[in-house]
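For what it's worth, full-length UniProt numbering labels the leading residue of the sequence shown as 1, then goes sequentially.
Where a beta carbon is used, it is the ideal one built from N, C-alpha and C, also for glycine.
To start, the structure itself, in structure tokens.
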Amino acid sequence: MHVNKKIIYVSHDAHFHGAQLLSLHTIKALKENFDYSVAIISIGSGILIPDFQKYGPVYCLEQGYQTEEKVELLIKDLLSQNFTLAICSTVISGDIVALLARHNIKVVSLIHELPHLIQQYSAEGKAKNIAEFAYKVVFPSQYVYEKFRTITELDPQKCHILPQGLFNHNPYKNNITKARNELRKRLNLPLDSKIILGVGFADYRKGIDLFSLISYSVRKTHKDIHFIWVGRTDVQFLNTLPPKYKAHFTLVDPTPDIGLYNAGADLYLLTSREDPFPNVVLEALDAKL
1 MHVNKKIIYV
11 SHDAHFHGAQ
21 LLSLHTIKAL
31 KENFDYSVAI
41 ISIGSGILIP
51 DFQKYGPVYC
61 LEQGYQTEEK
71 VELLIKDLLS
81 QNFTLAICST
91 VISGDIVALL
101 ARHNIKVVSL
111 IHELPHLIQQ
121 YSAEGKAKNI
131 AEFAYKVVFP
141 SQYVYEKFRT
151 ITELDPQKCH
161 ILPQGLFNHN
171 PYKNNITKAR
181 NELRKRLNLP
191 LDSKIILGVG
201 FADYRKGIDL
211 FSLISYSVRK
221 THKDIHFIWV
231 GRTDVQFLNT
241 LPPKYKAHFT
251 LVDPTPDIGL
261 YNAGADLYLL
271 TSREDPFPNV
281 VLEALDAKL
């Protein structure tokens with residue numbers, strides 16, 4: 001039996017965040033482990049575009065396909081090349097789900113969002129498109145599935161719950177002592193200091209304000225405890241925080257060496273107001289943090 005080994009993968013953009021990194025590693029697995037030819041559609045741009053391009057052609061919609069007509073022409077072109085299956089990541093890709101399905105391309109949608117974020121981005125219509133047009137819808141947990149159903153009606157028969165698992169191997173997980181020493185040297189901290197870690201996009205949803213408040217409260221009496229946040233920042237929101245709070249934690253730019261931070265810290269502090277199935281927590285647990 002001949003199996004068509006061609007697939008379209010749609011990412012909502014290519015920024016250095018959890019869902020996009022999961023997309024990158026899924027695309028890599030499709031190419032290297034399952035021998036698929038992958039055509040990659042990125043709705044927005046981002047620094048991961050060159051990484052996506054290692055595994056297939058990338059079509060960035062905001063850089064050349066700004067109208068629905070142009071997107072439809074792209075889909076027709078891919079269909080003519082026998083791309084008849086697609087994976088679409090996140091609710092934000094909901095409009096593309098509808099376009100693909102209208103051209104008889106079977107779509108598997110991966111849902112990563114909870115209601116607050118869907119409403120924040122006015123993406124209820126995109127969620128409804130997924131519910132109507134996706135062939136299958138995959139959720140990382142029962143909780144995310146149930147919350148999605150508060151946004152739109154959804155046929156349970158097309159839904160599956162599959163936790164995404166880990167895609168990063170932590171080279172330090174079996175050598176915690178080495179990681180602790182290396183991390184403190186990198187941060188210019190005493191070797192006996194305690195580190196409390198946060199990871200992700202530092203904004204309101206991820207609770208960087210709560211992280212800063214806790215750091216301020218703790219460090220009033222425990223100067224040997226250091227709060228470290230690794231990730232990009234919502235500068236506008238960060239500027240609304242009182243200076244006395246911001247003075248008590250350290251921001252570190254995103255790094256591929258996040259395993260060192262997970263293995264070398266003493267505690268992971270999750271301050272997210274809403275977080276469906278965060279990779280950062282899975283990685284912290286994997287390092288026994």
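Distance, Cα to Cα, residue i vs residue j?
i           : j    : result
I92         : A29  : 23 Å
T67         : Q164 : 32 Å
I118        : K126 : 9 Å
K220        : Y268 : 20 Å
residue 299 : R102 : Since the first and last residues shown for the chain are 1 and 289, residue 299 lies out of range.
F277        : I258 : 18 Å
G200        : F133 : 31 Å
L79         : I105 : 8 Å
V71         : T90  : 18 Å
E113        : L289 : 25 Å
P50         : S217 : 42 Å
K206        : G18  : 12 Å
A202        : S272 : 10 Å
H222        : L191 : 16 Å
T255        : T26  : 20 Å
L187        : Y261 : 10 Å
Y55         : S23  : 12 Å
K246        : V252 : 13 Å
L285        : Q81  : 43 Å
L229        : I208 : In the sequence as presented, Leu is not what sits at residue 229; that position holds Trp. Roughly 8 Å separates the two Cα atoms.
N181        : L270 : 23 Å
I225        : V97  : 47 Å
L61         : L100 : 14 Å
Classify residue i: buried if its beta carbon has 16 or more other beta carbons within 10 angstroms, exposed otherwise.
i    : result
V107 : buried
E146 : exposed
D77  : exposed
T177 : exposed
E283 : buried
Q20  : buried
H12  : buried
F211 : buried
N279 : buried
I40  : buried
V58  : buried
S122 : exposed
G64  : exposed
N33  : exposed
L110 : buried
N4   : exposed
N129 : buried
Let me know the secondary structure DSSP gives residue i once reduced to three states.
i    : result
L166 : coil
K173 : coil
K5   : coil
S23  : helix
I43  : coil
F148 : helix
H116 : helix
G125 : helix
F139 : strand
For residue i, which residues of its own chain have a beta-carbon under 8 Å away from its beta-carbon, when the five flanking residues on both sides are left out?
i    : result
I47  : A14, H15 and F16
S141 : I161, P163, P276 and F277
D131 : According to the sequence shown, residue 131 is Ala rather than Asp. Closer than 8 Å at Cβ, skipping near neighbours: V137, T152, E153, L154 and D155.
N175 : A263
Y143 : P276
L241 : I208, D209 and S212
Please work out which residues of its chain come closer than 6 Å, Cβ to Cβ, to residue i, disregarding the five sequence neighbours upstream and downstream, and give them in chain order.
i    : result
D266 : K194 and I195
S215 : F227, H248 and F249
Y204 : F237
L85  : I7 and K106
L183 : L260 and G264
Y9   : I27, V38, I40 and I87
A287 : N170, K173, N262 and A263
For the ligand SAM, any of its heavy atoms closer than 8 Å to the Cβ of residue i?
i    : result
V252 : Absence of the ligand SAM is noted for the structure shown, with no ligands found whatsoever.
Once you ignore the five residues that flank residue i on each side, which residues in its own chain have a CB closer than 7 Å to its CB?
i    : result
P115 : K147, T150 and I151
C159 : V137, F139 and Y145
G231 : V199, G200, F201, A202 and P254
> What residue ranges within the region 53-111 form continuous alpha helix (DSSP H) runs of no fewer than 4 residues, ordered along the chain?
Replying inline: 68-80 and 94-102
> What residue ranges within the UniProt domain "Glycosyl transferase family 1" (180-288) form continuous alpha helix (DSSP H) runs of no fewer than 4 residues, ordered along the chain?
Replying inline: 208-219, 235-238, 243-246, 258-264 and 279-286
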